[in-house]
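Some notes on the structure that comes next.
There are 2 protein chains.
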Amino acid sequence: MTRQTQTSALKSRVIEVALAHFSEVGIARTNVGDILKDANCSVGSLYHHFGNKEGIAEALFVDGVSQFNTNLLAALLPRHSANNGIKSIVTFCCEWVTDQSRLAAYLLSREIKLSNSAKEELREMDGALAQSLFDWFVPHVKSGTLQELPTGMYVPLICGPTLEHSRMWLSGRSRKSPRDVSPILAEAAWQSVKRT
Amino acid sequence: MTRQTQTSALKSRVIEVALAHFSEVGIARTNVGDILKDANCSVGSLYHHFGNKEGIAEALFVDGVSQFNTNLLAALLPRHSANNGIKSIVTFCCEWVTDQSRLAAYLLSREIKLSNSAKEELREMDGALAQSLFDWFVPHVKSGTLQELPTGMYVPLICGPTLEHSRMWLSGRSRKSPRDVSPILAEAAWQSVKRT
DNA sequence: TAAATACTAGAATTATGTTCTAATCGTGGC
DNA sequence: GCCACGATTAGAACATAATTCTAGTATTTA
Chain A
1 MTRQTQTSAL
11 KSRVIEVALA
21 HFSEVGIART
31 NVGDILKDAN
41 CSVGSLYHHF
51 GNKEGIAEAL
61 FVDGVSQFNT
71 NLLAALLPRH
81 SANNGIKSIV
91 TFCCEWVTDQ
101 SRLAAYLLSR
111 EIKLSNSAKE
121 ELREMDGALA
131 QSLFDWFVPH
141 VKSGTLQELP
151 TGMYVPLICG
161 PTLEHSRMWL
171 SGRSRKSPRD
181 VSPILAEAAW
191 QSVKRT
Chain B
1 MTRQTQTSAL
11 KSRVIEVALA
21 HFSEVGIART
31 NVGDILKDAN
41 CSVGSLYHHF
51 GNKEGIAEAL
61 FVDGVSQFNT
71 NLLAALLPRH
81 SANNGIKSIV
91 TFCCEWVTDQ
101 SRLAAYLLSR
111 EIKLSNSAKE
121 ELREMDGALA
131 QSLFDWFVPH
141 VKSGTLQELP
151 TGMYVPLICG
161 PTLEHSRMWL
171 SGRSRKSPRD
181 VSPILAEAAW
191 QSVKRT
């Protein structure tokens, strides 16, 4: 096992352990001592790799978003019809939140003020995603299948209900999992952006 | 000025100052010393009234939700037509988020794990709100003006896009304020729950 | 008026995040 | 193959900031 591999294994271990603790008691109440212990990591290593506690939270956040974005695009891009694409976005979100509920809860809670560097990193990732989404949308808007709306409105209209329901489910305010209601949400998303 | 008045003034002062600090740097990075100083409060008093830092965060949260719920109902209940009511909900949210952006950002970020007692308090408030909303909705569903959906789906469908857009605006990911786009959001909300 | 209670005050304590110094490991140049 | 340098690990020491504690003061209640 090379040094590089060990190191990246350590980082993953820390991030994973951190997620477990953060989910259970929140960032404020997890102490780095516990993360250290559970991840078998020394103080020195942790601060070398992450800088401070927020650095761990941030790395986890960026990691999660990156994973989500990649999989979302993989679900969307193969779809050719507008109806199919829109519904695949919603369905993917529902599945993902249901399966990765701990990570989803963490990402949706936005429990952190991000550093400038993390913001930059996320801005780049978001930009790339937005561009891909845009490219997928344009033809359907041009052909008149989808409504023409201010660019920034598609995401809230399509994903808003799904994310809101997800938050409710994740915080125990709703019984039915996103997966359970994904057909309703998918249909509603389609209705709200299709040309009438 | 009676003791009771002084005390409740102190508590309001602390909550207000706390919101200012929390908004600026997040809960984790605001130190209670600063709150103490700005609110003209002694360590003893603060811990007597709030228990600990999270207690302040919690009181602020409960306070904010209570204020929001009250005003939302006041906006909805006088409306008689379904179309009018649904749109008034969305419009109210947009106005409120735009005007009370600091408080809205705080509430929407859910930056805290709530204690059981706070959860209980919120559950009661949510229950009361849900009941009032339910009573308003039932006739319109019975008369066939609104779709019949699983009870828990109305809120995400109606408010989801608005809240999602609000989060984007509050975190700088969108230029247009909720108020600016409230007609679009109101119309979309109506489309997504009206009987087709 | 006396006793109990609610509240204020700030010094003292503790908990925990973070820094620092030193040691170790692995890799690339000679 | 060996040396030197940077990257990484280690954990003791430190600093900061949350919280507790003891004591005192005002207010209500019996």
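Chains A and B, in that order, are what the protein sequence lines are.
Heads up: the first sequence runs through residues 1 to 196, numbered per the numbering used here.
Heads up: the second sequence runs through residues 1 to 196, numbered per the numbering used here.
Glycine included, each C-beta is placed from N, C-alpha and C at the ideal position.
Nearest residue (CA-CA) to residue 72 of chain A, options A:164, A:181, A:194 and A:128 = Counting from 1 along the first sequence, the entry for residue 72 of chain A is found at position 72. The closest CA to that of residue 72 of chain A, considering only A:164, A:181, A:194 and A:128, is found on A:128.
Using the beta-carbon count (16 or more within 10 Å), is residue 74 of chain A buried or exposed?
-> For the purposes of this step, residue 74 of chain A is identified with residue 74 of the first sequence, where counting begins at 1. If you draw a 10 Å sphere on the C-beta of residue 74 of chain A, you find fewer than 16 other C-beta atoms in it, and that means exposed.
Three-state secondary structure (DSSP) of residue 194 of chain B = Numbered from 1 along the second sequence, position 194 holds the residue referred to as residue 194 of chain B. In this structure, residue 194 of chain B counts as strand in the three-state DSSP scheme.
At which residues does the alpha helix (DSSP H) containing residue 33 of chain B begin and terminate?
-> Here residue 33 of chain B refers to the residue found at position 33 when the second sequence is read from its first residue. For residue 33 of chain B, the uninterrupted alpha helix (DSSP H) run begins and ends at 32-39, by DSSP.
Residue of A:2, A:14, A:4 and A:23 minimising C-alpha distance to residue 112 of chain B | Working through the second sequence from its first residue, we reach residue 112 of chain B at position 112. Taking residue 112 of chain B as reference, the option from A:2, A:14, A:4 and A:23 with the minimal CA-CA separation is A:23.
With C-beta atoms as the reference, is residue 64 of chain A less than 9 Å away from residue 103 of chain A?
-> The residue you call residue 64 of chain A lines up with position 64 of the first sequence. The residue you call residue 103 of chain A lines up with position 103 of the first sequence. Yes, the Cβ-Cβ distance between residue 64 of chain A and residue 103 of chain A is below 9 Å.
Per-residue burial, residue 198 of chain A [other beta carbons within 10 Å of its own, 16 or more giving buried] = Residue coverage of chain A in this structure runs from 1 to 196, which leaves residue 198 of chain A outside it and unanswerable.
From residue 188 of chain B to residue 153 of chain B, what distance separates their C-alpha atoms?
-> Within the second sequence, residue 188 of chain B is the residue found at index 188, counting from 1. Within the second sequence, residue 153 of chain B is the residue found at index 153, counting from 1. Those two C-alpha atoms are separated by around 15 Å.
Report yes if the CB atom of residue 32 of chain A is closer than 9 Å to the CB atom of residue 15 of chain A, and no otherwise.
-> Taking the first residue of the first sequence as position 1, residue 32 of chain A is located at position 32. Taking the first residue of the first sequence as position 1, residue 15 of chain A is located at position 15. In this structure, residue 15 of chain A does not lie closer than 9 Å to residue 32 of chain A by Cβ.
Compute the Euclidean distance between the alpha carbons of residue 6 of chain B and residue 17 of chain B, then round it to the nearest angstrom.
-> Taking the first residue of the second sequence as position 1, residue 6 of chain B is located at position 6. Taking the first residue of the second sequence as position 1, residue 17 of chain B is located at position 17. Going from the Cα of residue 6 of chain B to the Cα of residue 17 of chain B covers about 16 Å.
Helix or strand or just coil, what does DSSP make of residue 114 of chain A?
-> Along the first sequence, one-based indexing puts residue 114 of chain A at 114. For residue 114 of chain A, the secondary structure class from DSSP, reduced to helix, strand or coil, is coil.
Segment contact flag, the segment 156-163 of chain B with the segment 86-102 of chain B, C-beta cutoff 8 Å, min 3 pairs | Three or more pairs of CB atoms, one per stretch, sit closer than 8 Å, so the segment 156-163 of chain B contacts the segment 86-102 of chain B.
What does residue 110 of chain B touch in chain A if you count any residue whose Cβ is under 9 Å from its own?
-> By one-based count along the second sequence, residue 110 of chain B stands at place 110. What residue 110 of chain B touches in chain A: 108, 109, 110, 111, 167 and 171.
Exposure of residue 47 of chain B, with buried meaning 16 or more beta-carbon neighbours within 10 Å = For the purposes of this step, residue 47 of chain B is taken as the residue at position 47 of the second sequence. It counts as exposed.
Rounded separation between residue 30 of chain B and residue 21 of chain B - CA only | Residue 30 of chain B sits at position 30 when you count from the first residue of the second sequence. Residue 21 of chain B sits at position 21 when you count from the first residue of the second sequence. Those two C-alpha atoms are separated by around 6 Å.
Under a Cβ-count criterion, where at least 16 other Cβ atoms within 10 Å of its own Cβ denotes burial, should residue 9 of chain B be classed as buried or exposed?
-> The sequence position of residue 9 of chain B within the second sequence is 9, counting from 1. So residue 9 of chain B ends up on the exposed side.
To the nearest angstrom, how far is it from the Cα of residue 118 of chain A to the Cα of residue 144 of chain B?
-> Here residue 118 of chain A corresponds to residue number 118 of the first sequence, with the count starting at 1. Here residue 144 of chain B corresponds to residue number 144 of the second sequence, with the count starting at 1. Rounded to whole angstroms, residue 118 of chain A to residue 144 of chain B spans 49 Å at the Cα level.
Alpha-carbon spacing of residue 60 of chain A relative to residue 19 of chain A, whole angstroms | Start at 1 with the first residue of the first sequence, and residue 60 of chain A comes out as number 60. Start at 1 with the first residue of the first sequence, and residue 19 of chain A comes out as number 19. Taking the straight line from one Cα to the other gives about 7 Å.
From which residue to which residue does the alpha helix (DSSP H) around residue 206 of chain A run?
-> The requested residue 206 of chain A does not occur in the structure, where chain A is confined to residues 1 to 196.
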